[in-house]
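K.L.:
Each step along the sequence shown adds one to the number in the UniProt record's numbering, with nothing skipped, and position 6 is 6. Here it is: the structure, laid out below.
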Amino acid sequence: MTTGSVQETDMGVGVGLALGTLAAAAAVYTFVTPGQFQSALGFGAAVTFAALSVAAIHIWG
């Protein structure tokens, strides 16, 4: 019988979903922006947010 309590939160899921939403928005920005530099910024942001989303789920999940 265990006497201690384990606190578990869904913070990793929430942060992961928020960053995933930002990654999706940045990917959309990549396709709708007119210039090549702006597309590159959108792509870079999408990759960065996607990596942070996966990291958040692994760290807090």
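Just so you know, even glycine gets a beta-carbon here, dropped at the ideal spot from N, CA and C.
Whose CA, out of G14, T9 and A26, lies closest to the CA of T48?
P.N.:
The shortest Cα separation from T48 among G14, T9 and A26 belongs to A26.
K.L.:
Look at the alpha carbon of A45 and the alpha carbon of A55, and state the distance between them as a whole number of angstroms.
P.N.:
Going from the Cα of A45 to the Cα of A55 covers about 15 Å.
K.L.:
If I measure Cβ to Cβ from I57 and keep anything under 6 Å in the same chain, skipping five residues before and after, which residues do I get?
P.N.:
Here the set comprises G12 and G16.
K.L.:
Should G14 go down as buried or exposed, given a rule of 16 or more other Cβ atoms within 10 Å for buried?
P.N.:
Counting Cβ neighbours within 10 Å, G14 comes out exposed, since fewer than 16 surround it.
K.L.:
For the putative contact between F43 and T30, defined by C-beta atoms under 8 Å, what is the C-beta separation to the nearest angstrom?
P.N.:
Between T30 and F43 the Cβ distance is about 5 Å, and since that is below 8 Å, they are a contact.
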